[in-house]
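These notes are about the structure you will find just below.
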Amino acid sequence: MDPGLEILESNSPLFCLIRSLKDVAYGTRQYRVQEQPTADGNLTNELIEDAIELERGQNLIEIHISRGSFNERALEYFGKSNEPSTFCSIEFFEHELQMTPIIKGRTPEYNFTAQYIVNVDDFLLYYLQKEYTLIELHQTVGQSFQTIATCKLSLKQLIEGNQGRLHGTARLIASHQNNIDIGTFGAIEYWVRLRVPMEQAFRLLKEKMKAQGYLVTTSRPSTKTSDDIEQRHELDPNMNELTIAILNCANVKAATPGKNLFFVFEKAKSSFFVSSRSST
1 MDPGLEILES NSPLFCLIRS LKDVAYGTRQ YRVQEQPTAD GNLTNELIED AIELERGQNL
61 IEIHISRGSF NERALEYFGK SNEPSTFCSI EFFEHELQMT PIIKGRTPEY NFTAQYIVNV
121 DDFLLYYLQK EYTLIELHQT VGQSFQTIAT CKLSLKQLIE GNQGRLHGTA RLIASHQNNI
181 DIGTFGAIEY WVRLRVPMEQ AFRLLKEKMK AQGYLVTTSR PSTKTSDDIE QRHELDPNMN
241 ELTIAILNCA NVKAATPGKN LFFVFEKAKS SFFVSSRSST
């Protein structure tokens, strides 16, 4: 039993309230995935499960690589009669590298979706606004491979418009020392989307932070020693310490005979405080 709940009746309103706050702060919520029809038919749900489970404040970002195409100079690099075997790697945020299947041909159909569960916080927002997702094209050579082209995807529009969806074609730029003079190597078709609309993700994050703020002091001691207060004053001279003490009460009767009494009080922007039990 959690501290602070063990002295409450399991059916009391306060017990239910604290349990609800804990569910908001630390629980999970299941989001049903709905089909999202598109005019061009390129954005599909074929590789997506019917339901995903996310904590409040989390989101699911999907990056899909549909196919690749190579220009004439790239085909010359591969060799006119050659059917190159290629694959792509995706480097996104703080997640592990993900790779498409190896596909043989001059217009490879990768049809690969990478899924990333992310926390919607300042670090993610900075990444989406300022950084790029790196996609690299690799060619298999025997049992090894070599990186031959790269592509940088900007995901800024995910949080600034387009309803959390991007779809387009990105240029592949030659990057190998033997083909660097080619410049543009080809292109890849892709789409990216957020499974939970960003506005809703922000709301759920705020609810989680607010609930955690109410609960954070339940595990703290209700009083501090003078040494603790002095140390905090040294760190912040402008800090004040507010002490609230319940000394005694009179003419208070338990609603149910034989039950012990305790007090619960709340200070603005703080959690509930529960006093020790006292026999009637």
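Each residue of the sequence shown is one higher than the last, beginning at 1 in the working numbering.
Heads up, the beta-carbon is just placed ideally off N, CA and C, and yes, glycines get one too.
Review point. So, are the CB atoms of LEU172 and ILE188 less than 8 Å apart?
Key: yes
Check your understanding: Regarding PHE185 and the ligand GTP, is the C-beta to nearest heavy atom distance less than 7 Å?
Key -> Among the ligands in the structure shown, none appear at all, so the ligand GTP cannot be discussed.
Practice item. Over the uninterrupted alpha helix (DSSP H) stretch that includes PHE123, give me the two end residues. Key: 122 to 130
Check your understanding: What residue range is occupied by the uninterrupted alpha helix (DSSP H) comprising PHE78?
Key -> 72 to 78
Practice item. Use the C-beta contact count for ASN82: other C-beta atoms within 10 angstroms, 16 or more gives buried, fewer gives exposed. Key: exposed
**Study point:** Beta-carbon proximity list for ALA114, same chain, < 6 Å, skipping 5 on both sides
**Key:** ILE63, ILE90, GLN98
Review point. What residue range is occupied by the uninterrupted beta strand (DSSP E) comprising GLN115?
Key: 109 to 119
Point to revise | Distance between beta carbons of LEU155 and GLY164, contact taken as under 8 Å | key: At roughly 10 Å, the Cβ-Cβ gap does not stay under 8 Å, so GLY164 and LEU155 are not in contact.
Check your understanding: According to DSSP, what are the bridge partners of SER144?
Key -> VAL141
Check your understanding: Are there 16 or more other CB atoms within 10 angstroms of the CB of GLN146, so buried, or fewer, so exposed?
Key -> exposed
Check your understanding: Going by Cα to Cα distance, which pick from HIS95, SER144, CYS151 is closest to VAL118?
Key -> HIS95
Check your understanding: Rounded to whole angstroms, how far is the Cβ of GLY68 from the Cβ of GLY186, which I believe are closer than 8 Å?
Key -> 6 Å
**Study point:** One or two residues paired with MET99 in a DSSP bridge
**Key:** SER89
Exercise for review: Could you tell me the distance, in whole angstroms, from the CA atom of VAL192 to the CA atom of THR243?
Suggested key: 52 Å
Practice item. Report the residue from PRO84, THR107, VAL120 whose alpha carbon sits nearest the alpha carbon of GLU55. Key: VAL120
Exercise for review: Determine which residues share a DSSP beta bridge with LEU153 and list them.
Suggested key: THR133
Check your understanding: So what's GLN163 in DSSP terms, helix, strand or just coil?
Key -> helix
Check your understanding: Taking just the CA atoms, how far does THR107 sit from SER85?
Key -> 10 Å
Review point. Helix or strand or just coil, what does DSSP make of LEU158?
Key: helix
Review point. Hey, out of ILE148, TYR116, LYS152, whose CA is closest to GLN177's CA?
Key: ILE148
Review point. Would PHE87 pass as a contact of THR100 if the rule is Cβ separation under 8 Å?
Key: yes
Practice item. Could you tell me the boundaries of the beta strand (DSSP E) in which ARG193 lies? Key: 184 to 194
Practice item. Let me know the secondary structure DSSP gives ILE244 once reduced to three states. Key: coil
Exercise for review: Mark THR133 as exposed unless 16 or more other C-beta atoms lie within 10 angstroms of its C-beta, in which case mark it buried.
Suggested key: buried
Check your understanding: Which residues in the same chain as PHE78 place their Cβ atom closer than 6 Å to its Cβ, once the five residues preceding and following it in sequence are excluded?
Key -> PRO84
Check your understanding: Using the beta-carbon count (16 or more within 10 Å), is LEU128 buried or exposed?
Key -> buried
Point to revise | Neighbour-count burial assignment, PHE70, 16 or more Cβ in a 10 Å radius | key: buried
Practice item. Can you grab the Cα-Cα spacing for the pair ALA245 / ASN251, in whole Å? Key: 19 Å
Practice item. Using 10 angstroms around the beta-carbon of TYR126, count the other beta-carbons present and answer buried if the total reaches 16, otherwise exposed. Key: exposed
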